[in-house]
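Undergrad:
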Amino acid sequence: MIPLDILVSATGGTLEQRGLVDHFSAFASDAREVVGGECFVAVRGVHADGHDFATEAAQRGAAGVLVDAARLAAQPQWRAELLATGAVIIAVADVRRALRDYAAAILRAWGPRVIAVA
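In short: position in the sequence shown from 1, add 41, done, that's the working numbering.
#1: Between which two residues does the alpha helix (DSSP H) carrying A142 extend?
#2: In whole angstroms, what separates the C-alpha of V76 from that of S70?
#3: Hey, could you find the ends of the alpha helix (DSSP H) A121 is sitting in?
#4: Tell me, which residues are paired with I47 by DSSP?
#5: Unbroken beta strand (DSSP E) runs of length 3 or more, entirely within the region 59-85: which are they?
#6: Closer than 8 Å is the cut-off here; do at least three beta carbon pairs connect the region 79-96 with the region 141-157?
#7: Run through the DSSP bridge pairs and tell me what A132 is partnered with.
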């Protein structure tokens with residue numbers, strides 16, 4: 042479970058739209074594999090940009106999307122389409138960095154013993 046308030050706080054994100062949920066079941070990075078309740082992370086890859094599939098992910102049942110703030114601001118039509126889905130929209134400076142920041146916050150909170158195998 043990924044609590045919305047912790048995700049926003051840990052990533053320094055801005056909640057552009059509250060939506061109907063206060064947590065997500067998991068992260069998803071492929072809109073085709075969304076089953077419902079996930080937070081879709083719009084990661085830019087070598088062959089595709091997740092931002093191009095954020096609306097589709099929300100329409101398929103993603104409860105929220107984590108997107109770059111600059112892209113959201115630069116494309117008002119795309120922003121309007123995302124808002125219309127009713128999904129939670131979290132805007133961050135950089136999606137990959139936001140994921141790292143969230144992981145670091147969880148590690149600090151849980152304080153697990155980390156073991157490396159080489």
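Note that beta-carbon positions come from the ideal geometry of N, C-alpha and C, so glycine has one too. This one's a predicted model, so the numbers in the text were calculated from it and none came from an experiment.
TA: So, from the data block:
#1: Translated into positions along the sequence shown, residue 142 becomes position 101. According to the sequence as given, residue 142 is Asp; it is not Ala. Bounds of the alpha helix (DSSP H) holding D142 are 136-151.
#2: For the purposes of this step, residue 76 is taken as the residue at position 35 of the sequence shown. For the purposes of this step, residue 70 is taken as the residue at position 29 of the sequence shown. Roughly 12 Å separates the two Cα atoms.
#3: Translated into the one-based positions of the sequence shown, residue 121 becomes position 80. Taken as a continuous stretch (DSSP letters only), the alpha helix (DSSP H) holding A121 covers 117-126.
#4: Your numbering for residue 47 matches position 6 in the sequence shown. BP columns for I47 are empty, so no partner.
#5: Taking only runs of at least 3 residues, the beta strand (DSSP E) segments lying wholly in the region 59-85 are 80-82.
#6: These segments do not touch.
#7: Counting from one through the sequence shown, the residue named residue 132 turns up at place 91. Residue pairing by DSSP places A132 opposite T55, V108 in a beta bridge.
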